[in-house]
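Heads up: the sequence shown begins at 514 in the working numbering, then just goes up one per residue. Glycine included, every Cβ here is placed at the ideal spot set by N, Cα and C. In what follows, a structure is listed as structure tokens, so that the remarks can point back to it.
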Amino acid sequence: MPVEESAKIRALIVDDEPLARSNIAVLLRADPEIGIVGECGSGAEAIGEIRVAKPDLLFLDVQMPECDGFDVLELLGIDLPAAIVFVTAYDQYALRAFEAGALDYLLKPFDNARFELALSRAKQRIRLGANQPRRLQRFAIKSTGELCFVKISEIDWIEAADYYACLHVGARSHLIRRSMAELEGDLDPKLFCRVHRSGIVNLDRVRSLKVSEDGEYEVLLENGARVRISRRYRKQLQERMGLRSEMPSG
514 MPVEESAKIR ALIVDDEPLA RSNIAVLLRA DPEIGIVGEC GSGAEAIGEI
564 RVAKPDLLFL DVQMPECDGF DVLELLGIDL PAAIVFVTAY DQYALRAFEA
614 GALDYLLKPF DNARFELALS RAKQRIRLGA NQPRRLQRFA IKSTGELCFV
664 KISEIDWIEA ADYYACLHVG ARSHLIRRSM AELEGDLDPK LFCRVHRSGI
714 VNLDRVRSLK VSEDGEYEVL LENGARVRIS RRYRKQLQER MGLRSEMPSG
């Protein structure tokens with residue numbers, strides 16, 4: 514019995530080599546449960562296509578000019594597909610791929626049996642996660658000569674920095690190319706709360722709420738950092754902190 518188009522697993526192929534994209538497409542078309550929603554020849558193109566097409570399954574090359582596979586994952590944030598399979602000719606990126614959330618790592622050249630195994634794993638992941646809300650678990654951050662991973666739970670607070678956001682993690686800070694609005698939507702509201710247009714705090718790191726000398730409300734964090742609270746977000750913070758009474762006045 515044929516699978517209805519609306520019920521098919523939506524797959525997107527991203528590779529800068531046309532032949533590589535074609536080979537994967539041929540294998541996917543042999544599976545009646547899969548529907549290919551697009552092919553992209555660059556990471557930059559893939560980011561826009563993923564946000565529009567919203568695929569369930571992503572076959573992603575690692576090494577691509579300008580925007581590589583890890584850049585794609587970093588920039589997508591919570592928009593990541595349910596199952597990600599890296600496809601590359603280089604085995605040295607395998608550990609990074611799994612740490613970044615990849616389900617499988619196909620090393621070129623691969624045979625049909627190895628591809629079928631990866632596809633089977635992807636189908637299972639998609640079926641199991643179909644009704645579960647997705648939240649970020651870590652950020653992949655590129656710095657000079659390395660790719661580091663920051664666990665979401667380790668972030669003290671997040672600060673707007675022009676077109677970037679600055680993650681404050683203990684004594685260290687990391688810049689990522691994300692807007693505060695995107696981060697607010699991606700992060701678990703049980704753990705993080707927007708307190709200002711330029712500040713998001715980890716509620717587990719909040720030591721106290723107080724009024725500063727100039728009459729402005731502030732969050733005092735466990736590490737001593739002070740983050741201003743704007744009137745717009747004050748009520749939201751009170752609710753997240755389980756406060757029934759008004760915050761202290763100066």
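ask   = Can you give, in chain order, each stretch of the beta strand (DSSP E) that sits fully within the stretch 644-702 and has at least 3 residues?
value = The stretch 644-702 contains these whole beta strand (DSSP E) runs: 651-656, 659-664, 670-674, 677-682, 685-689.
query = Quick one: Cα of Gly-728 to Cα of Val-575, how far?
reply = Numbered from its first residue, the sequence shown carries residue 728 at position 215. Numbered from its first residue, the sequence shown carries residue 575 at position 62. Our two residues, Gly-728 and Val-575, have alpha carbons roughly 51 Å apart in a direct line.
task = Compare the C-alpha of Pro-622 against each of Ile-537, Glu-667, Tyr-606, Glu-672 and name the closest.
result = Within the sequence shown, numbered from 1, the residue matching residue 622 stands at position 109. When each option's Cα is compared against that of Pro-622, the closest is Ile-537.
message = With a threshold of 8 Å, are at least 3 pairs of Cβ atoms found where one atom belongs to the stretch 732-742 and the other to the stretch 669-679?
response = By the criterion of at least three beta-carbon pairs nearer than 8 Å, the stretch 732-742 is in contact with the stretch 669-679.
task = Report the three-state DSSP secondary structure of Asp-705 (helix, strand or coil).
result = Locating residue 705 in the sequence shown gives position 192, counting from the first residue. Looking at the sequence shown, residue 705 is not Asp but Phe. Three-state DSSP puts Phe-705 in a strand.
ask   = For Asn-625, does the three-state DSSP call read helix, strand or coil?
value = To locate residue 625, count along the sequence shown from 1; it is residue 112. The three-state reading of DSSP puts Asn-625 in helix, counting H, G and I together.
key: Start and end residues, alpha helix (DSSP H) containing Lys-748   = On the sequence shown, residue 748 is found 235 positions in, with the first residue counted as 1. Per DSSP, Lys-748 belongs to the alpha helix (DSSP H) from 744-753.
ask   = Going along the chain, which residues of its own chain have a beta-carbon closer than 6 Å to the beta-carbon of Ala-673, five neighbours each way excluded?
value = Within the sequence shown, residue 673 is the residue found at index 160, counting from 1. Contacts found: Met-693, Ser-711.
key: Nearest neighbour of Gly-755, chosen from Gly-561, Leu-641, Leu-716 [CA to CA]   = Mapped onto the sequence shown, residue 755 falls at position 242. Measuring from the Cα of Gly-755, the nearest candidate turns out to be Leu-716.
request  = Less than 8 Å between the CB atoms is what I'm expecting for Leu-619 and Phe-628, so what's the real figure, rounded?
outcome  = Within the sequence shown, residue 619 is the residue found at index 106, counting from 1. Within the sequence shown, residue 628 is the residue found at index 115, counting from 1. A Cβ-Cβ distance of about 7 Å is found for the pair Leu-619 and Phe-628, placing them in contact under the 8 Å criterion.
task = Leaving out five residues on either side along the sequence, give the residues of the same chain with a beta carbon under 6 Å from the beta carbon of Ser-686.
result = Translated into positions along the sequence shown, residue 686 becomes position 173. Cβ neighbours of Ser-686 beyond the five flanking positions: Cys-679.
request  = Kindly identify the DSSP beta-bridge partner or partners of Val-600.
outcome  = Here the question's residue 600 lines up with position 87 in the sequence shown. Answer by DSSP bridge pairing, in chain order: Asp-574, Leu-619.
key: Alpha-carbon to alpha-carbon, Arg-609 and Asp-528   = The residue you call residue 528 lines up with position 15 of the sequence shown. The residue you call residue 609 lines up with position 96 of the sequence shown. Taking the straight line joining both Cα atoms gives about 18 Å.
key: Helix, strand or coil at Asn-536 [DSSP, three-state]   = Taking the first residue of the sequence shown as position 1, residue 536 is located at position 23. Looking at Asn-536 - three-state DSSP - the assignment turns out to be helix.
inquiry  = Can you give me the C-alpha to C-alpha distance between Glu-731 and Ser-725, rounded to a whole angstrom?
reply    = Taking the sequence shown and counting its residues from 1, the one referred to as residue 731 is at position 218. Taking the sequence shown and counting its residues from 1, the one referred to as residue 725 is at position 212. Put simply, the backbone Cα of Glu-731 is about 7 Å away from that of Ser-725.
task = Within the same chain, show all residues whose beta-carbon is closer than 8 Å to that of Ala-533, passing over the 5 residues directly before and after it, in chain order.
result = Reading the sequence shown from its first residue, position 20 is the one you call residue 533. The beta carbon of Ala-533 lies closer than 8 Å to those of Asp-574, Val-600, Lys-621 in the same chain, with the five residues before and after it left out.
ask   = Where does the unbroken alpha helix (DSSP H) through Leu-608 begin, and where does it stop?
value = Within the sequence shown, residue 608 is the residue found at index 95, counting from 1. Element bounds for Leu-608: 607-612.
inquiry  = Suppose you measure from the CA of Arg-718 to the CA of Leu-734; what does that come to, to the nearest Å?
reply    = Walking along the sequence shown from the start, residue 718 turns up at place 205. Walking along the sequence shown from the start, residue 734 turns up at place 221. One alpha carbon belongs to Arg-718, the other to Leu-734, and they sit about 5 Å apart.
query = Is the Cβ-Cβ distance between Asp-592 and Gly-556 less than 8 Å?
reply = Here residue 592 refers to the residue found at position 79 when the sequence shown is read from its first residue. Here residue 556 refers to the residue found at position 43 when the sequence shown is read from its first residue. No, these two residues do not count as a Cβ contact at 8 Å.
query = Below 8 Å between beta carbons: does that hold for Leu-586 and Leu-525?
reply = Numbered from 1 along the sequence shown, position 73 holds the residue referred to as residue 586. Numbered from 1 along the sequence shown, position 12 holds the residue referred to as residue 525. Contact annotation: Leu-586 and Leu-525 have beta-carbon atoms that are not nearer than 8 Å.
message = Using 8 Å for Cβ pairs, my map puts Leu-589 next to Ile-547. What's the rounded Cβ distance?
response = Residue 589 sits at position 76 when you count from the first residue of the sequence shown. Residue 547 sits at position 34 when you count from the first residue of the sequence shown. Not quite, the Cβ-Cβ distance comes to about 21 Å (not below 8 Å), so this is no contact.
query = Which residues mark the beginning and the end of the beta strand (DSSP E) in which Gly-561 is found?
reply = Indexing the sequence shown from 1 puts residue 561 at position 48. Not the beta strand (DSSP E): Gly-561 falls in the alpha helix (DSSP H), residues 556-566.
request  = Would you list the one or two residues that DSSP bridges to Cys-580?
outcome  = As a first step, residue 580 must be located in the sequence shown, where it is residue number 67. BP columns for Cys-580 are empty, so no partner.
query = Ordered along the chain, which non-local residues of its own chain (more than five positions away) have a Cβ less than 6 Å from that of Tyr-606?
reply = Within the sequence shown, the letter at position 93 stands for residue 606. Counting only Cβ-Cβ distances below 6 Å, and skipping sequence neighbours, we find Val-575.
request  = Might you give, ordered along the chain, the residues of its own chain that have their beta carbon closer than 7 Å to the beta carbon of Val-550, omitting 5 neighbours on each side?
outcome  = By 1-based counting over the sequence shown, the position of residue 550 is 37. Excluding positions up to five away in sequence, the list reads Arg-523, Ala-524, Leu-525, Ala-566, Pro-568.
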